[in-house]
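From first to last, the protein sequence lines stand for chains A and B.
With UniProt numbering, the residue at position 286 of the first sequence is 286, and numbering never jumps.
With UniProt numbering, the residue at position 73 of the second sequence is 73, and numbering never jumps.
Every residue, glycine too, gets a C-beta built ideally from N, C-alpha and C.
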Amino acid sequence: MAEGAVLTAQTPAVEGKTRAGGTALAARLEALELPAGGFAAAARRDAAERLQAMGLPGARDEYWRYTDPAPFNAARPEPLAVPGREANLFDDIDRLKLVFVDGRFDAEASDDLTAEGLQIESMAQVGAGHWAETLYGVLEAEGQTPVKRPFAVLNTLVARDGLMIRVTGKVSRPVHLLYRRADAAADVVVHHVIRLEPGAELTLLETGGIGARSNTVLEVDVAEGARFHHIASKRADDARIGIGHVFARVGEGALFKSFALAVNGRVMRNEGVIHIAGNDAVAHIAAAVLGDGNEGSFHHDDTVFITHAAERCESRQVYKKVLKNGAHGIFQGKILVKPGAQKTDGYQISQGLLLDEGSQFLAKPELEIYADDVKCSHGSTTGALDETALFYLRSRGVPKEQAIVLLVLSFLADALDEIENDDLRGAILGRLDDWLTSRAAG
Amino acid sequence: MLEIKNLHVKLEDEGKQILKGVDLVVPAGEVHAIMGPNGSGKSTLSYVLSGRDGYEVTEGDATLDGESLLDMEPEARAAAGLFLAFQYPVEIPGVGNLTFLRTALNAQRKARGEEELSSAEFLKIVREKAKTLKIDGEMLKRPVNVGFSGGEKKRNEVLQMAMLEPRMCILDETDSGLDVDAMRLVADGVNALRSPERSFLVITHYQRLLDHIKPDVVHIMSAGRIIKTGGPELALEVEQNGYGDLLAEAN
């Protein structure tokens with residue numbers, strides 16, 4: 001077997017016992033073109049072994065109880081018409097634009113990669129011995145305990161592109177990963193690795209439809225005192241099927257913040273796995289989700305696992321989902337406080353706002369605590385619009401549709417507040433407002 | 001201005017009859033007070049006039065300048081010039097007070113076919129009006145009523161009234177939860193809005209608010225009807241003797 005070609009399509013290595021059946025995994029892999037090359041060959045070999053042992057998930061898996069993994073298990077996605085190009089919500093923000101088309105980095109369409117404090121390369125350009133090999137598939141593998149995340153392993157195994165970003169200073173200009181689609185049938189697997197050196201700072205933006213089906217992994221290593229802000233907006237192609245993973249390691253005194261806006265997508269699953277490794281660190285993860293079951297079906301699942309393995313750290317999970325016309329929203333969130341992680345301050349809130357009786361919000365909040373001097377709380381609510389507040393606004397002359405928009409924004413406010421930068425929050429808010437207003441009649 | 005004729009209202013869910021034939025006329029420029037014991041239907045009247053869901057009008061009508069209010073949506077009633085100051089103003093997290101005021105004002109202007117106010121024009125007016133109500137810039141920026149004290153909430157209601165410039169203002173128990181100083185501030189705000197073109201219907205349990213907002217006419221409401229109408233002295237009578245005598249007299 002050639003170096004890097006860790007699996008061939010016919011390899012027997014992927015058969016054997018799997019939860020969804022070995023055949024499914026073999027068929028899944030057969031449909032994929034496996035990468036050959038020097039970069040991360042060891043990680044890919046390791047991923048092959050892990051995936052073989054793990055198999056693909058079945059509907060009986062605890063962590064797949066509320067979301068049917070079938071669309072992700074299927075050998076190929078249904079083709080999906082490529083939408084026309086729209087204005088980007090970050091167009092007014094000065095940022096470094098990096099374009100991906102069907103999951104492949106497009107250097108021509110992107111800005112110049114050289115920027116102070118940044119070292120950026122695409123996976124396709126780098127070979128063995130690259131710094132990112134120390135992280136590629138490593139944070140992902142660490143994030144497999146105690147919950148298995150087979151599609152992340154699959155991603156590590158087969159990803160052919162992604163960016164390797166090393167941040168050595170305080171970078172004020174956000175880096176924007178802009179995804180575009182060209183091939184209606186593209187089954188996209190992208191894997192990014194980001195390393196923030198001690199004291200460094202980066203804001204990462206992500207927008208656009210990634211593929212007819214997408215599987216993304218973002219591994220982020222935030223070293224001591226570094227600050228990482230991540231803002232993703234997912235919308236556009238309404239019938240999209242996607243699974244996204246963020247694996248983060250947060251060092252001493254470091255800050256990790258991730259916010260996602262999702263408006264539609266047929267089946268979306270986002271897994272956030274954050275390991276707080278150093279003392280006095282802060283990790284926040286939040287999402288604002290709007291789903292309309294009338295635009296195809298809508299099923300949006302956020303599955304979050306935050307591990308506190310150090311002292312005096314703070315974590316927050318803020319998830320808000322607005323659902324209508326039979327849309328489904330899922331939240332599975334866990335805070336694990338390891339022995340010795342004293343003075344942990346953990347907080348988790350998940351809320352569903354149901355705009356009609358056909359929609360559903362399911363939440364599974366979990367706390368697991370092995371230290372005795374900690375403060376952890378979680379809350380989850382599901383409800384309809386507050387009729388009194390609606391009447392209050394209307395009694396002031398605000399038309400019903402507009403009043404509902406205001407109350408939806410009010411509901412989402414806590415999640416949006418997790419975006420520190422005013423301009424970026426404004427851009428997200430503008431996008432939300434447009435979406436809500438354009439659909440107010442429906 | 002406001003004319004209520006033989007208004008009968010029941011609760012949609014329970015079918016319980018709350019208003020049993022209310023007749024009331026508030027001419028332009030006058031301040032009328034409605035007093036009455038708990039459960040007499042005072043707040044129901046204010047909600048039915050402003051269009052809250054959950055009530056069914058079984059008989060009668062209520063008109064503003066001759067036009068029936070009852071078929072109009074709450075926002076249309078507001079644009080027509082009706083305003084209800086809530087007994088319990090609602091908190092709306094995440095929506096700034098200024099955004100809320102501007103949205104409401106421009107929505108009403110739009111409904112009336114008027115030009116929307118520019119940001120600068122709006123800010124100039126709101127700052128001026130807020131100042132007389134001792135509402136500072138901080139309070140204007142905060143989310144609507146969130147973390148406001150009882151007095152701040154009521155002052156905020158009066159600020160909305162001052163900005164929206166309604167012709168018919170209904171104040172529902174505006175004195176509840178206010179200390180003397182806060183009540184004076186609120187009353188001053190209301191009095192500043194009195195004009196020959198604007199009328200007020202002040203709903204209250206107690207006479208004390210009427211020391212500050214002097215009514216032209218006082219109505220006593222009981223069991224869903226106006227049982228007595230008189231001048232300001234009627235409020236003093238209630239203050240001294242309670243509702244007992246009046247109720248006995250009506251029966």
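Kindly indicate the opening and closing residues of the beta strand (DSSP E) around Pro37 (chain B). Here Pro37 (chain B) belongs to no beta strand (DSSP E), and DSSP marks it neither H nor E.
What are the residues that DSSP puts in a beta bridge with Gly81 (chain B)? Paired residues: none, contrary to the question.
Roughly how many angstroms separate the alpha carbons of Ala130 (chain B) and Ala185 (chain A), rounded to a whole number? 59 Å
Should Thr132 (chain B) and Asp179 (chain B) be called a contact, given that it needs their Cβ atoms to be closer than 9 Å? no
Mind checking which residues open and close the alpha helix (DSSP H) that includes Val158 (chain B)? 150 to 164
Could you tell me whether any Cβ in chain C is nearer than 9 Å to the Cβ of Asp414 (chain A)? The chain labelled as chain C is not found among the protein chains of the depicted structure, namely A and B.
Under 9 Å between the Cβ atoms of Val322 (chain A) and Ile285 (chain A)? no
Can you list, in chain order, the residues of the stretch 397 to 428 of chain A whose Cβ is nearer than 9 Å to any Cβ on chain B? Gly397, Val398, Pro399, Lys400, Gln402, Ala403, Leu406, Leu407, Leu409, Ser410, Phe411, Leu412, Ala413, Asp414, Leu416, Asp417
Let me know if Pro215 (chain B) comes out buried or exposed under the rule of 16 or more other beta-carbons within 10 Å of its beta-carbon. buried
Counting only beta-carbon atoms, is Ser43 (chain B) nearer than 9 Å to chain A? no
Can you find a C-beta in chain A that's less than 9 Å from the C-beta of Gln87 (chain B)? no
I'd like to know whether the C-beta atoms of Asp386 (chain A) and Val144 (chain B) end up nearer to each other than 9 Å. no
Going by CA-CA distance only, name the one from A:Glu49, A:Ala75, A:Thr23 that's closest to Glu33 (chain A). In terms of CA proximity to Glu33 (chain A), A:Ala75 leads the group A:Glu49, A:Ala75, A:Thr23.
Gly225 (chain A), buried or exposed, once every other Cβ within 10 Å from all chains shown has been counted against 16: buried
Counting only beta-carbon separations shorter than 9 Å, does Ser50 (chain B) have a partner in chain A? yes
So the alpha helix (DSSP H) Asn241 (chain B) belongs to, where does it begin and stop? 233 to 241
Amino acids of chain B, ordered along the chain, whose beta-carbon sits closer than 8 Å to that of Tyr392 (chain A): Taking a Cβ-Cβ threshold of 8 Å, the residues of chain B close to Tyr392 (chain A) are Phe86, Pro89, Val90, Ile92, in chain order.
Should Asp386 (chain A) be flagged as near chain B, meaning a C-beta pair shorter than 9 Å? yes
Only counting the same chain, and skipping five residues up and downstream in sequence, which positions put a Cβ closer than 6 Å to that of Glu366 (chain A)? Lys334
Helix, strand or coil for Arg213 (chain A)? Go by DSSP, reduced to three states. Strand.
Between the C-alpha atoms of Glu116 (chain A) and Gly84 (chain A), what's the straight-line distance to the nearest angstrom? Roughly 34 Å between the two C-alpha positions.
Based on Cα-Cα distance, which residue from B:Arg208, B:Ser40, B:Ser222, B:Lys153 lies nearest to Pro232 (chain B)? B:Arg208
Residue span of the beta strand (DSSP E) that contains Arg112 (chain B), given as start and end: Run containing Arg112 (chain B): none; DSSP gives neither H nor E here.
Pick helix, strand or coil for Lys214 (chain B), following the three-state DSSP scheme. coil
Top-ranked residue by Cα proximity to Lys20 (chain B), from B:His212, B:Lys42, B:Thr99, B:Asp136: B:Lys42
Where DSSP assigns a beta bridge to Met168 (chain B), which residues make up the other side? B:Leu82, B:Ser199
Residues that Ala389 (chain A) contacts on chain B, provided the C-beta gap is smaller than 7 Å: Val90, Ile92
Per DSSP, the bridge partner or partners of Tyr347 (chain A): A:Arg316, A:Ser377
Straight-line Cα distance separating Leu45 (chain B) from Leu7 (chain B): 9 Å
With a Cβ-Cβ cutoff of 9 Å, do residue 463 (chain A) and Ile210 (chain A) count as a contact? Only positions 1 to 442 of chain A appear in the structure, and residue 463 (chain A) is not among them; the question remains open.
DSSP beta-bridge partners for Glu106 (chain A)? For clarity, residue 106 (chain A) is Asp in the given sequence; the question names Glu instead. Answer is A:Val99.
Write down every uninterrupted run of the alpha helix (DSSP H) in the stretch 41 to 122 of chain A whose length is 4 residues or greater and which is fully enclosed by it, in chain order. 41 to 54, 70 to 73
Are the C-beta of Leu164 (chain B) and some C-beta of chain A separated by less than 9 Å? yes
First through last residue of the beta strand (DSSP E) which encompasses Leu416 (chain A): That residue, Leu416 (chain A), is in no beta strand (DSSP E); its alpha helix (DSSP H) goes 400 to 416.
Rounded to the nearest angstrom, what separates Gln342 (chain A) and Gly383 (chain A) at their Cα positions? 35 Å
Helix, strand or coil: how does DSSP classify residue 446 (chain A) here? Because chain A is modelled from 1 through 442, residue 446 (chain A) falls outside the range shown and cannot be assessed.
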